[in-house]
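2 protein chains.
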Amino acid sequence: MDQERPLPSVVERMWGREPVTRRGPRPRLDLATITAAAIEIADAEGLSGVSMASVASRVGVAATALYRYIGSKEDLLTAMADGAAPPPPEPAGMSWRDYLTLWTRAHRDIVLEHAWLLSVDRLAPPLGPRRLLWLDRALAALDGTGLDHGEKIKVASTLTGYALTDAALIHSIGGGDPTMENAAITGAADYGEVLAGLLDPVAYPALSAAMRSGVMHGAEGWVDDEDFVFGLNLLLDGVEALIGQRASEKQRASEKS
Amino acid sequence: MDQERPLPSVVERMWGREPVTRRGPRPRLDLATITAAAIEIADAEGLSGVSMASVASRVGVAATALYRYIGSKEDLLTAMADGAAPPPPEPAGMSWRDYLTLWTRAHRDIVLEHAWLLSVDRLAPPLGPRRLLWLDRALAALDGTGLDHGEKIKVASTLTGYALTDAALIHSIGGGDPTMENAAITGAADYGEVLAGLLDPVAYPALSAAMRSGVMHGAEGWVDDEDFVFGLNLLLDGVEALIGQRASEKQRASEKS
DNA sequence: TAAAACTATGAACGTCATACACAGTACAGG
DNA sequence: CCTGTACTGTGTATGACGTTCATAGTTTTA
């Protein structure tokens, strides 16, 4: 019943806890170089280019050698998802709102730079050191707002979800990377036209009205930073309202005493 | 240059546009029964149980017969993602806010019932008839709020993202389905403990403070409906503020005239 | 009745993740 | 210094899977 839970060994390795034995040949690899290689491949060729064989050959070993470091390909993907995150921006005296805006946008940009994250990230709570550092900074930004720990975490995870949603939208509509894999739609204009052609105005009254109105026509940037800020502000306005509510609660309590 | 864009043939078939030829043996299948079979398998065994062979055998044909109806497994997954959506709730005289709350929760519940959607859904804009019906109803609920079409769409897509985020959170933390595939974490209590054990309080000050505070301890429902409503209200408060802003703009314009 | 158009089949291929036995290598203790 | 031990990378093998293709069978059209 201690904290001696086995814990996925990949997670251990992500935290630098490589096994401590000093016997046999010195390992030629470590988890970091493996994941770095895998990330490079995924960035260049998409996730479908990432196979055990391709990663192994990039780091110069046989395919099966990787299994000395990771238990399965799933583990590799988990490690990649953490490894793709750079250090978070530091909240150098910014307001919580400015920082979280910056934080969320940066988060989204990472996903856009590594579009394969959209296919890897199951939105599961992170366990790797890099992703947790991001979480930490978001919580830190909310210090002094009167929110409790649970609320802060929920705010952060909601913002994470928003970053992912926005990235997915930009990627699937505007993007059109050459390395894109599920390129169902090639541009915003197409999407609007296709929909307009498919929709029965009786069964889909509101949607076909929207399509006829010409939103989404004109591919150039109907999903742009303004739209990102738009949706984000919906959230942050809500957060701000909550903070105000907590503050007034606290004030009322102090008046009472 | 007409709207005669080829359009993924799966999409055509999702809309019931099966080819019209009347020669040769009558087809024994159609896309709907194939996707229904695939969805049943995915619900029962998870996404990894869904192979061309397993789906084909469930509908009683050889594996390769499926390729008469779908171009690839990717197409099958696309069709599954649409087919898993039941008809949306109808806004029987509800306020936009009540309806969107209902809508988002129902959306999330669908994802929870079909957890494999988390791995299939790339958050790409939908093209199938069922998913678009959901979108239509959300837009319809926002009629009369003064928002323009683009804003309505952005609100709906933000809510979609929120539903997915929340479903992912519940699934990965609380869930613990037997059919779960990437069961990295088995319960909320574990998550908090594991994190508390891993974190260096110096490098992760805010996060380890949160962990020490005991949030996330006690697996029973730290992610519950209250939390869902909490985050959702952040969003809806923002939407409400926007609607108010649009309304006052309109009023000012009419005063001026 | 014959051709045409379409359907399902079975075999075959290439790719991939992964298991396993083996060979080589470095440290520990005598 | 030397031997055992524990660990690392390799090669081969296997089974599952997605997909292609030629073929045989079936229904409609002419």
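Note that the protein sequences, when read in sequence, are chains L and W. Just so we're aligned, residue 1 is where the first sequence starts under my numbering, counting upward by one. Just so we're aligned, residue 1001 is where the second sequence starts under my numbering, counting upward by one. All C-beta atoms in this analysis are idealised placements derived from N, C-alpha and C, irrespective of residue type, glycine included.
Pick from the options that is closest to residue i, judged by C-alpha positions
i, options, result
"residue 242 of chain L", "L:254, L:151, L:256, L:168", "L:151"
"residue 1172 of chain W", "W:1053, W:1067, W:1191", "W:1191"
"residue 1167 of chain W", "L:230, L:125, L:119, L:251", "L:125"
"residue 60 of chain L", "L:96, L:89, L:37, L:226", "L:37"
"residue 272 of chain L", "W:1162, W:1158, W:1089, W:1201", "In the structure displayed, chain L extends from 1 to 257; residue 272 of chain L sits before or after that span and is not available."
"residue 1226 of chain W", "L:99, L:154, L:169", "L:154"
"residue 63 of chain L", "L:40, L:53, L:69, L:70", "L:53"
"residue 148 of chain L", "W:1169, W:1210, W:1144", "W:1210"
"residue 46 of chain L", "L:146, L:77, L:96", "L:77"
"residue 1082 of chain W", "W:1128, W:1215, W:1028", "W:1128"
"residue 1016 of chain W", "W:1032, W:1026, W:1144", "W:1032"
"residue 79 of chain L", "L:205, L:28, L:39, L:163", "L:39"
"residue 143 of chain L", "L:97, L:51, L:13", "L:97"
"residue 1203 of chain W", "L:93, L:66, L:130, L:145", "L:130"
"residue 1071 of chain W", "W:1049, W:1050, W:1013, W:1095", "W:1013"
"residue 228 of chain L", "L:163, L:93, L:30, L:120", "L:163"
"residue 1010 of chain W", "W:1050, W:1073, W:1065, W:1049", "W:1073"
"residue 1099 of chain W", "W:1252, W:1051, W:1232", "W:1232"
"residue 58 of chain L", "L:41, L:67, L:48, L:68", "L:41"
"residue 1048 of chain W", "W:1035, W:1075, W:1119, W:1141", "W:1119"
"residue 205 of chain L", "W:1027, W:1140, W:1113, W:1055", "W:1140"
"residue 27 of chain L", "L:68, L:43, L:55", "L:68"
"residue 95 of chain L", "L:55, L:121, L:240, L:18", "L:240"
"residue 1075 of chain W", "W:1113, W:1193, W:1034", "W:1034"
Residue range of the alpha helix (DSSP H) that includes residue i
i, result
"residue 1082 of chain W", "1073 to 1083"
"residue 1226 of chain W", "1225 to 1256"
"residue 1111 of chain W", "1096 to 1113"
"residue 1121 of chain W", "Run containing residue 1121 of chain W: none; DSSP gives neither H nor E here."
"residue 9 of chain L", "9 to 14"
"residue 1039 of chain W", "1031 to 1045"
"residue 1150 of chain W", "1149 to 1169"
"residue 139 of chain L", "129 to 141"
"residue 1205 of chain W", "1205 to 1212"
"residue 1056 of chain W", "1052 to 1059"
Cβ separation of residue i and residue j, assumed to be a contact under 8 Å, to the nearest whole Å
i, j, result
"residue 1199 of chain W", "residue 1207 of chain W", "6 Å"
"residue 1111 of chain W", "residue 1117 of chain W", "5 Å"
"residue 146 of chain L", "residue 250 of chain L", "6 Å"
"residue 138 of chain L", "residue 156 of chain L", "4 Å"
"residue 29 of chain L", "residue 1235 of chain W", "That belief does not hold up - the Cβ atoms of residue 29 of chain L and residue 1235 of chain W are roughly 45 Å apart, past 8 Å."
"residue 1165 of chain W", "residue 169 of chain L", "Contact flag wrong, Cβ pair sits at about 14 Å."
"residue 244 of chain L", "residue 1237 of chain W", "Not a contact, Cβ separation roughly 11 Å."
"residue 1161 of chain W", "residue 161 of chain L", "6 Å"
"residue 1065 of chain W", "residue 1056 of chain W", "6 Å"
The ligand GDP heavy atom lying under 7 Å from the CB of residue i
i, result
"residue 1159 of chain W", "Ligands displayed in this structure: none; no statement on the ligand GDP is therefore possible."
- Query: Given 8 Å as the limit, is there contact between the region 1102 to 1114 of chain W and the region 1131 to 1147 of chain W, that is, 3 or more CB pairs closer than that?
  - Reply: Note that the region 1102 to 1114 of chain W touches the region 1131 to 1147 of chain W; at least 3 beta-carbon pairs, one per stretch, sit closer than 8 Å.
- Three or more beta-carbon pairs under 8 Å between the region 1084 to 1094 of chain W and the region 1020 to 1028 of chain W, yes or no? Contact between the region 1084 to 1094 of chain W and the region 1020 to 1028 of chain W is absent, because fewer than three Cβ pairs lie under 8 Å.
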